[in-house]
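Below you'll find the structure, written out as structure tokens, and then a few comments.
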Amino acid sequence: MQKEALIPVVGVVQKITQETPDVKTFRVVGPDGKNLFDHMPGQCAMLSVPGVSEAMISITSSPAQTDYMEFSIKKAGKLTGWLHEMEEGQEITIRGPYGNDFPVETELKGQDLLFIAGGIGVAPIHSVIDYCIDHREDYGRLQVVYGARTPKDLVFYDEMTGPWKNVPNMEVDLTIDREAEGWDGHVGFVPTYAAELKPSTSMKVLVCGPPIMIKFTLQGLKELGFKDTQIFTTMEMRMKCGVGKCGRCNIGNKYVCKDGPVFRFDELGELPPEY
Amino acid sequence: MPVTETKAFEPKIVAFCCNWCSYAGADLAGSNRSEYPSNIKIVRVPCSCRVNPMFILKAFQRGADGVIICGCHPGDCHYSTGNYFTRRRMALLFSMLNYLGVEKGRTRVEWVSASEGGRFSETMNDFASTIEKLGPNHRLEDLRCKQK
Amino acid sequence: MQTEMIKRAKELLADGTVKRVAGWRSGDFQYELSPSIFTDAEDLEKNFQYSELAASNMSKYMIKESRKEGKVLIFLKPCDTYSFQQLLNEHRILRENVMIIGVACDGNLDIVAAKKRFGEGLLSLKSEGDTITATTIYGEELTAPRQELLLERCVNCKSKKHVVFDELIGEEGVEVETTHRFDKVDELDAMSEDQRFGFWQNELSRCIRCNACRDICPACSCENCVFDNPESGFSNKGAAVQMDNDMFHIIRAFHVAGRCTDCGECSRVCPEHIPLHLLNRKFIKDYDGLYGEFQAGSGEQETHPLTKFNMEDLNPTEALNRGDEE
Amino acid sequence: MLSITEAKLYEAFAQLKKNGEAVYLPVDNTSGEADFAEWKEGTAISKQLKTVRSAKDFFFPQTENLMKFKVHGKKINVIDTREELSDFVIFGARACDVASFKLLDRAFIEEKPVDTYYENRREHGIVVSIACSKPAASCFCTVYDIDPTHPNADVDGYRVDDTFYLEAKTAKGEKLLKQIEPMMSESDDQCVKDQIATTEKILKNLPFANLDMSRFNGDNMMDIFNDPKWNSISETCLGCGACTFVCPTCQCYDIKELDTGDGIERFRCWDSCMYKDFTQMAAANPRPSQKERFRQRFMHKLVYYPKNYNVYGCVGCGRCVDKCPTHLHIVNVIKTLGEEGK
């Protein structure tokens, strides 16, 4: 992390990719063209445009990608709306990396992994999947269950149906909420689909998506026999400082920006349900 | 050799002008080539009663030395009664500002119709000279907005 | 009086007329009475208190309480009823869900003034006739004239009459004809601009922007205050420059102008004892003088001076300069 | 012990000011309360026990500029606007204030990353305490094992009538006393000992001296969190920030921006967990009603803090007890949840 926790550095948005109608991926490098800082999968950074706003955004790209960082961002609020309007070459400010990461080097190493994501929730999960693909020999089977409202809203569709299909011992299952023209894949909500697939209960699960999806996914997994200690997720709260000092993103005695955003469900179970 | 520049005080003035009368009056003043100071910044509002007291304070905060509100003459409001409300509101607000020690002349309400181009420039000239006499606004200022 | 109030509240709870009772609860010090909502008879018996220390005006809580299930009973002092009536005029309270018992009031004691008089070790206050006796943790027993320890709003009491109630306990009073409410405003108005500026800078510079004045104010009942809205450009929570404080207080007072009943809660709760009521009273004095006397909440009112007009109203500059020629 | 009379003290302040060190001390204001203010010729030290605002302002001011941005087209320039600080003296802090600095140090310095804005001020601030001789009814620092007769600052001071007895406790303190040595004289400190003895007697009899903290042991977080008493106790909380802003240990802040017309200044300002916009997100608020916000404030001080650090996030200064408009202060919470809730 930078020495001055609150003073951001300048980053240049080198490339903007339209992923879906309301999601764009922003590639950020330093003014010198080099990567700004290293991170681990699941970590976040504070992006801001002076005069607009500042927001915590999870890093989508793999840590193995050392040339740049990528952020897949859905147009939702003030800052994200502004980012969606801007052009390549625009400078933004950035500070981080913040928070903990998915325990890819410890608990998850050597394990079969099940990734369940919904909508833009795929952003932090993408970083982990990329990491696992980059260190393919360190992990067992990789299974991705990903869903969105419509086929058009599936972020990273090309990557999932292209390069990821060719990764050994990796499976990608896509679903959309409602029937759509030209879609011959699965139709149905992510939690139901994940349960239908009857994943092996020996897997470790990483879930990310809207709260309602997480809730039902968790229910389904538990019915299948998964334990809280096997399931990881990332949390989202209002944040200002990003370094555990401004005091608003706590869940009980834990700060999401510092002790999170990645939590194992048994850890969350011990905390007040204020999220 | 260092040159000490004594810059004459150039007041910054914000004029809120109602769309239907005063803004048109300002237009007319322009096309008649009647002069009024260039440091008056006109903000067009749909009606003088659109001017929230916060607009006035914000203008002072951001460096204005005087704020003037121009609307239709009483009885002529495009929305029939808007300027009557302006009249009461601003009477109370200006009195409050003065109560807090802000000089009386810094705020003003004037009625200027669309046909009164001459009156518009006269009003502005008069207001500008009042503010010049009063000097810079120090009682409702935000120094952060004054550093250059 | 307190016994009578508890008795009546218990009856109303018991026969199911009301489900909750809004009143004053004994606190950690004898002189600290918290506004509180009681739901059972035992609690009322043990903790309900009404005395000259029951300063809180509970009308504002009725916005929330009247929307809950079942009727709520509230005890209101005469000046509290003005705030209640004003909230009714603004359609903020569901009247059918509130039962009001008006209680007589002989003025509230000013704890701040008492602490200044008797010291920070103040333990209890008791008044007998015109004298107040205080005890302190240092074992002292001190006295002072009661009149000197009354809240400002009580010294200049505007009314002992309840403007809205269902029942009354204690003797009903009348509106006070002559008060010295505007003396201090007049005094400030008579000062020079420089003096006034100095006065208010000294007062307002102490503001810590805690929003207690806003949050206690029965007239400040917006769902979302402009000062809490990050989009408004005014939501800074502390003053980086004096202007921020000035702006907050001007706008706060302006937003309640015409609706402020002059209940004095803002000044009572200010941790820095800024005489905020002097801002509200300036507006009252001005519209009284310009547009005819008006007391917010004194009855059912459709409009107030800022929501109506006369063709003959003075222009702001004329209004500001009136009296200058005299 | 070294002693200095009040008259000589002001000479010493003048000397320090000449040396470039500003002195801040509690001064009575026109409302009859005291607040810290910078010493100028003629400023007299207040005799009151507490200032309205705590001394945390010096290290963690209510608003503080963090940086400035200049935007030109697509380019952004980040400017660190901090200026070099000179040493400054806080004269007359109480033991509770001194204890609060240690809690703030934990949040801003010991918990990495370091908050350099705070650290910088902390390094330049020299704290001279004055021991309490007449604690107030609302004081309860002894509950947290704070000894108001031994504040433990850079310099510990005692005021007996118009004489101040000073004793350096740190190198910083020694350096300070060195500068004003000529104004001081060595004197007998029996009167200080007598004063401490008298104070100790008052302390034992304070109304809140025996608050029962045993339920707040850091272990039963969920038990306290789910206590139904939070419903009734928070019901009439106004949601104002008076308790937060007078609190010497509250550390929450907001980061905001101001477009000055000449760049954008990003500043931080105190925030309060009692405010509803504190945790408001675009779609939801994890603490939707005043109950959750009220609970958060006291859970933080009485449960989360001890759970994480084994120390309470309260120093018992009693400011919130004095200032809460509805008297729903921390003592009320400790009594309601702690004693009756067991």
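Protein chains in written order, with the working numbering: chain A, 265 to 539; chain B, 939 to 1086; chain C, 302 to 627; chain D, 3 to 344.
Glycine residues also receive a C-beta, built at the ideal position from the N, C-alpha and C atoms.
On a predicted model such as this, the values are computed, not experimentally measured, just so you know.
Asked: Separation of residue 347 of chain A from residue 961 of chain B, as counted between CA atoms; Found: 36 Å
Asked: Residue nearest to residue 548 of chain A in terms of C-alpha spacing, selected from A:340, A:504, A:268, A:494; Found: Given that chain A is displayed from residue 265 to residue 539, the structure contains no residue 548 of chain A and the question cannot be resolved.
Asked: Min CB distance residue 316 of chain D to chain C below 8 Å; Found: no
Asked: Backbone secondary structure at residue 958 of chain B - three-state DSSP; Found: coil
Asked: Cβ separation of residue 438 of chain C and residue 336 of chain D, assumed to be a contact under 8 Å, to the nearest whole Å; Found: Not confirmed; about 19 Å, so no contact.
Asked: Residue 455 of chain C classed as buried or exposed, judged by whether at least 16 other C-beta atoms fall within 10 angstroms; Found: buried
Asked: DSSP-derived helix/strand/coil call for residue 45 of chain D; Found: coil
Asked: Three-state class that DSSP yields for residue 434 of chain A in the structure shown; Found: strand
Asked: For residue 303 of chain D, three-class secondary structure by DSSP; Found: helix
Asked: Cβ-based contacts, 7 Å cut-off: residues of the region 256-285 of chain D near chain B; Found: 260, 262, 263, 264, 267
Asked: Assigned secondary structure, residue 953 of chain B (DSSP; H/G/I helix, E/B strand, else coil); Found: strand
Asked: Short Cβ contact (8 Å threshold) for residue 387 of chain C with residue 540 of chain C; Found: no
Asked: C-beta atoms of residue 164 of chain D and residue 271 of chain A nearer than 8 Å; Found: no
Asked: Sequence-distant residues of the same chain with beta carbon closer than 6 Å to residue 12 of chain D, five excluded per side; Found: none
Asked: Residue nearest to residue 213 of chain D in terms of C-alpha spacing, selected from D:292, D:334, D:76, D:259; Found: D:334
Asked: Residue 249 of chain D to residue 321 of chain D span [Cα, whole Å]; Found: 7 Å
Asked: C-alpha gap between residue 432 of chain C and residue 302 of chain C, whole angstroms; Found: 20 Å
Asked: Same chain, Cβ closer than 7 Å to residue 519 of chain A, five either side skipped, listed in chain order; Found: 508, 513
Asked: Cross-strand partners of residue 450 of chain A (DSSP beta bridge); Found: A:439
Asked: Closest residue to residue 452 of chain C among C:571, C:469, C:323, C:372 (Cα-Cα distance); Found: C:571
Asked: Cross-chain neighbours of residue 364 of chain A in chain D, by beta carbon under 7 Å; Found: Within chain D, no residue comes near residue 364 of chain A; the closest Cβ sits about 14 Å away, beyond 7 Å.
Asked: Nearest residue (CA-CA) to residue 316 of chain C, options C:371, C:549, C:607; Found: C:371
Asked: Near-chain C residues of the region 18-49 of chain D - C-beta to any C-beta below 8 Å; Found: 31, 32, 33, 34, 35, 37
Asked: Same chain only: Cβ atoms within 7 Å of residue 181 of chain D, ignoring 5 sequence neighbours per side; Found: 17, 18, 21
Asked: Per DSSP, the bridge partner or partners of residue 407 of chain A; Found: A:378, A:435
Asked: Residues, ordered as in the chain, of the region 506-518 of chain C that lie near chain D by beta-carbon distance below 9 Å; Found: 507, 509, 510, 511, 512, 513, 514, 515, 516, 517
Asked: Residue-chain proximity (residue 1001 of chain B, chain D), Cβ-Cβ < 8 Å; Found: yes
Asked: Beta-carbon proximity list for residue 538 of chain A, same chain, < 7 Å, skipping 5 on both sides; Found: 515
Asked: Under 8 Å between C-beta atoms of residue 243 of chain D and residue 518 of chain C; Found: no
Asked: Residue 1057 of chain B and residue 614 of chain C closer than 8 Å at C-beta; Found: no
Asked: Touch test, the region 283-292 of chain D against the region 57-76 of chain D, Cβ-Cβ under 8 Å, three pairs minimum; Found: no
Asked: 8 Å Cβ cutoff met for residue 475 of chain C and residue 385 of chain C; Found: no
Asked: Neighbour list for residue 1080 of chain B in chain C, Cβ cutoff strictly below 7 Å; Found: 542, 544
Asked: CB contact below 8 Å: residue 325 of chain C versus chain B; Found: no
Asked: Proximity winner among A:517, A:525, A:534, A:505, relative to residue 117 of chain D (alpha-carbon distances); Found: A:505
Asked: Any C-beta of chain B under 8 Å from that of residue 302 of chain C; Found: no
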